[in-house]
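Per our numbering, the very first residue in the sequence shown carries number 3; after that it's consecutive. First up is the structure itself, then whatever we jot down about it.
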Amino acid sequence: MMKRSPRFVTMILPVVVGITGASGAALGLSVLDLLSGRGVETHLVVTRAAERVLGLEANLTLADLDGRATRRWANDELAAPIASGTFPSAGMIVAPCSMSVVSAVATSRSTDLLERAADVTLKERRPLVLIAREAPLHVGHLRQLLGAAEIGATILPPVPPFYARIASVTDMVEQIAARAIDCLGIDVGKLRRWQGPE
Numbered sequence: 003m004m005k006r007s008p009r010f011v012t013m014i015l016p017v018v019v020g021i022t023g024a025s026g027a028a029l030g031l032s033v034l035d036l037l038s039g040r041g042v043e044t045h046l047v048v049t050r051a052a053e054r055v056l057g058l059e060a061n062l063t064l065a066d067l068d069g070r071a072t073r074r075w076a077n078d079e080l081a082a083p084i085a086s087g088t089f090p091s092a093g094m095i096v097a098p099c100s101m102s103v104v105s106a107v108a109t110s111r112s113t114d115l116l117e118r119a120a121d122v123t124l125k126e127r128r129p130l131v132l133i134a135r136e137a138p139l140h141v142g143h144l145r146q147l148l149g150a151a152e153i154g155a156t157i158l159p160p161v162p163p164f165y166a167r168i169a170s171v172t173d174m175v176e177q178i179a180a181r182a183i184d185c186l187g188i189d190v191g192k193l194r195r196w197q198g199p200e
């Protein structure tokens, strides 16, 4: 049996989840489902562009997400608890994360709730994981990604672990989501960890 890393916590604080308008809505849905399956309280923020992408990619509305998150906040609800550093959380995952939001993080912009929650996560020295979704990347993208990383964000491109011999797109999405959650120190029991050659 594999020993659990000491960085994994036993009492899990709430997790803030952001879904932006970048392609890859399934990533955010998988993060919510994995955390829910572990009994983790989740606070969800969805951008207006993400609402459109959810409809196009997953045939879902915002109302369909209410059962997947503990609480969903409107992106213009700047008085929400997650806008304050006094709200206890294990960190935040933005999945998928548009380059617009990467730029907001890199420049500490807080024009809506998702951006404010990300900025609060960093100022409180909590993990912020950005599943940055764009390809190919131009120099402007790379500079913004570097800027976000320099102030403490973890940049996690949605790159599948090919060693896991993933058989379906659903499995691939789940592995990327589980890896993002792993960055918060939460083990959802779904990540296929490298054990060395057989």
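Built from N, CA and C at the ideal position, the CB exists for glycine as well.
Rounded C-alpha distance that separates residue i from residue j
{"i": "Gly-69", "j": "Ala-24", "result": "22 Å"}
{"i": "Pro-199", "j": "Leu-64", "result": "43 Å"}
{"i": "Pro-159", "j": "Asn-61", "result": "24 Å"}
{"i": "Val-96", "j": "Asp-184", "result": "14 Å"}
{"i": "Thr-172", "j": "Ser-100", "result": "21 Å"}
{"i": "Asp-121", "j": "Arg-127", "result": "10 Å"}
{"i": "Thr-22", "j": "Ser-102", "result": "9 Å"}
{"i": "Leu-116", "j": "His-140", "result": "24 Å"}
{"i": "Ala-134", "j": "Pro-98", "result": "6 Å"}
{"i": "Pro-90", "j": "Thr-44", "result": "12 Å"}
{"i": "Ala-92", "j": "Gly-142", "result": "30 Å"}
{"i": "Met-174", "j": "Arg-195", "result": "13 Å"}
{"i": "Gly-187", "j": "Met-13", "result": "11 Å"}
{"i": "Ile-178", "j": "Pro-163", "result": "8 Å"}
{"i": "Gln-80", "j": "Asp-114", "result": "The residue asked about is misnamed: residue 80 is Leu in this sequence, not Gln. Between Leu-80 and Asp-114, the C-alpha separation is close to 7 Å."}
{"i": "Leu-144", "j": "Ile-153", "result": "15 Å"}
Residue j beta carbon less than 7 Å from that of residue i
{"i": "Gly-84", "j": "Ala-119", "result": "Reading off the sequence, residue 84 comes out as Ile, not Gly. The answer is yes: Cβ separation under 7 Å."}
{"i": "Ala-180", "j": "Val-190", "result": "yes"}
{"i": "Ile-157", "j": "Leu-124", "result": "no"}
{"i": "Ala-71", "j": "Leu-34", "result": "yes"}
{"i": "Met-94", "j": "Leu-46", "result": "no"}
{"i": "Ala-76", "j": "Val-55", "result": "no"}
{"i": "Val-42", "j": "Val-17", "result": "yes"}
{"i": "Ser-2", "j": "Glu-176", "result": "Residue 2 lies beyond the residue range present for the chain, which begins at 3 and ends at 200; the question has no answer from this structure."}
{"i": "Val-107", "j": "Ala-137", "result": "no"}
{"i": "Val-104", "j": "Leu-147", "result": "yes"}
Counterpart residues of residue i in DSSP-defined beta bridges
{"i": "Met-94", "result": "Val-18, Leu-130"}
{"i": "Cys-99", "result": "Ala-134"}
{"i": "His-45", "result": "Val-18, Arg-73"}
{"i": "Ile-178", "result": "For Ile-178, which the question treats as bridged, DSSP gives no partner whatsoever."}
Heavy atom of the ligand ZN within 6 Å of residue i beta-carbon
{"i": "Ser-32", "result": "Ligands are entirely absent from the displayed structure, and the ligand ZN is therefore not among its contents."}
Below-7 Å beta-carbon distance, residue i vs any chain C residue
{"i": "Asp-68", "result": "Looking at the structure shown, chain C is missing, and only one protein chain is on hand."}
Collapsed DSSP secondary structure at residue i in the structure displayed
{"i": "Met-4", "result": "Note that Met-4 has pLDDT 37, beneath the 50 cutoff, so the model's placement of it is unreliable and no number is given."}
{"i": "Thr-226", "result": "What is shown of the chain runs 3 to 200, which leaves residue 226 out entirely."}
{"i": "Thr-157", "result": "Before going further, note that residue 157 is Ile rather than Thr in the sequence given. Three-state DSSP puts Ile-157 in a strand."}
{"i": "Ile-84", "result": "helix"}
{"i": "Phe-164", "result": "helix"}
{"i": "Ser-110", "result": "coil"}
{"i": "Thr-172", "result": "helix"}
{"i": "Ala-24", "result": "coil"}
{"i": "Gly-30", "result": "helix"}
{"i": "Gly-57", "result": "helix"}
{"i": "Leu-147", "result": "helix"}
{"i": "Glu-117", "result": "helix"}
Option nearest residue i by Cα separation, candidates the options
{"i": "Ile-166", "options": "Leu-15, Leu-29, Leu-193", "result": "The amino acid occupying residue 166 in the given sequence is Ala; Ile does not appear at that position. Among Leu-15, Leu-29, Leu-193, the Cα nearest to that of Ala-166 is on Leu-193."}
{"i": "Val-19", "options": "Arg-74, Ser-110, Thr-109, Arg-111", "result": "Arg-74"}
{"i": "Thr-88", "options": "Leu-36, Leu-15, Ser-170, Ala-151", "result": "Leu-15"}
{"i": "Ser-86", "options": "Ser-112, Arg-145, Val-161", "result": "Ser-112"}
{"i": "Ala-151", "options": "Gly-57, Glu-59, Ser-110", "result": "Ser-110"}
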